[in-house]
């Protein structure tokens with residue numbers, strides 16, 4: 023109940039906190055995901071590591 | 012035998028991945044729930060648990076870039092490995108500087124009443140972001156001379172690093188709206204305690220582990236991309252050498 027009141031009250035700044043934390047999580051997840059996709063794509067393009 | 016360059020042992024990299032995920036979950040629990048509300052700033056202060064670790068990581072990442080660049084420029088330690096490491100770390104530094112600026116702006120609005128101020132700390136941080144964005148752009152300029160372009164990159168990275176201490180000491184050198192350093196102040200007297208201090212330290216540790224994990228991944232990608240480029244050049248040379256033979260037939 024107390025949290026609901028605080029969330030509705032702009033003076034507490036919960037909206038900024040939620041946006042900030044969500045944005046950080048989304049940016050880091052997107053960056054990591056993009057790295058993994060690019061690494062996998064490059065590994066598929068190149069021959070196996072042990073090749074002469 | 013061709014072996015691809017790795018920064019960390021794959022098992023250590025996996026362990027770092029798990030550790031960063033666990034520590035980020037712990038940070039979210041403490042940062043959003045465990046730490047108490049600030050008396051003055053209320054809940055908006057919870058942005059500090061991301062803003063400060065992100066700023067710390069920007070310093071660390073650009074520090075690694077500067078150290079790797081210096082090692083490349085030093086003739087005894089010259090290796091393209093250092094250039095690759097510098098580039099990988101700078102990209103992470105730019106990412107975390109951008110997060111620092113955005114999180115700071117989100118924190119500034121409820122606390123200062125404005126999204127942005129022409130304040131020494133904010134301006135020098137924005138300059139830092141653009142300096143390293145320029146460094147990353149410089150790295151993308153094609154060159155037929157890898158050593159020459161790595162030298163150019165290393166000099167640019169060392170020049171850009173001059174801004175890091177300016178950012179850090181800006182709050183001491185000029186009168187700023189931004190508060191002075193809470194933890195890494197000149198007296199090394201942390202002005203934060205209890206669960207808030209613990210949460211901040213969890214944030215710093217979690218982000219540092221995440222940085223090491225992402226750095227390993229970014230380095231691996233750079234290594235693979237370099238190999239692809241090498242193979243493309245080798246194939247182009249082979250095609251060139253092969254062409255006159257075919258014409259002679």
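Residue numbers (the working numbering), protein chains in the order written: chain A, 23 to 74; chain B, 12 to 260. Heads up, the beta-carbon is just placed ideally off N, CA and C, and yes, glycines get one too. Note that the structure is predicted; figures quoted are calculated from it, not measured.
Below 7 angstroms on C-beta distance, what does residue i contact in chain A?
i	result
residue 121(B)	35 and 38
residue 57(B)	39
residue 207(B)	By Cβ distance, chain A contributes nothing, its closest Cβ being about 14 angstroms from residue 207(B), past 7 angstroms.
Per DSSP, what kind of secondary structure is residue i in: helix, strand or coil?
i	result
residue 202(B)	coil
residue 21(B)	helix
residue 89(B)	coil
residue 67(A)	helix
residue 186(B)	coil
residue 244(B)	helix
residue 191(B)	coil
residue 197(B)	coil
residue 154(B)	coil
residue 33(B)	helix
residue 35(A)	coil
residue 237(B)	helix
residue 16(B)	coil
residue 75(B)	helix
residue 215(B)	helix
residue 173(B)	coil
Where DSSP assigns a beta bridge to residue i, which residues make up the other side?
i	result
residue 49(B)	53(B)
Could you check whether the Cβ of residue i sits closer than 8 angstroms to any Cβ belonging to chain E?
i	result
residue 66(A)	Structure shown: chain E not included; protein chains present are A and B.
Residues of chain B with CB under 9 angstroms from residue i, in chain order?
i	result
residue 44(A)	The contacting residues do not exist; residue 44(A) stays about 11 angstroms from chain B at best.
residue 49(A)	106, 109, 110 and 113
How many whole angstroms separate the CB atoms of residue i and residue j, which I take to be in contact at a CB cut-off of 8 angstroms?
i	j	result
residue 188(B)	residue 46(A)	About 23 angstroms separates the two Cβ atoms, so there is no contact after all.
residue 218(B)	residue 65(B)	7 angstroms
residue 105(B)	residue 70(B)	Wrong, their Cβ atoms sit about 13 angstroms apart, outside the cutoff.
residue 101(B)	residue 137(B)	Between residue 137(B) and residue 101(B) the Cβ distance is about 17 angstroms, and since that is not below 8 angstroms, they are no contact.
residue 215(B)	residue 46(B)	About 14 angstroms; that fails the 8 angstroms criterion.
Using a Cβ cut-off of 8 angstroms, pull out every chain B residue sitting near residue i, in sequence order please.
i	result
residue 41(A)	117
Note down, in chain order, every chain A residue with its Cβ under 9 angstroms from the Cβ of residue i.
i	result
residue 202(B)	Within chain A, no residue comes near residue 202(B); the closest Cβ sits about 21 angstroms away, beyond 9 angstroms.
Along chain A, which residues have their Cβ under 8 angstroms away from the Cβ of residue i?
i	result
residue 229(B)	57
residue 54(B)	28, 34, 35, 36 and 39
residue 43(B)	39 and 43
residue 61(B)	42, 43 and 46
Which ranges would you report for the beta strand (DSSP E) in the segment 111 to 150 of chain B if only whole runs of at least 3 residues count? none
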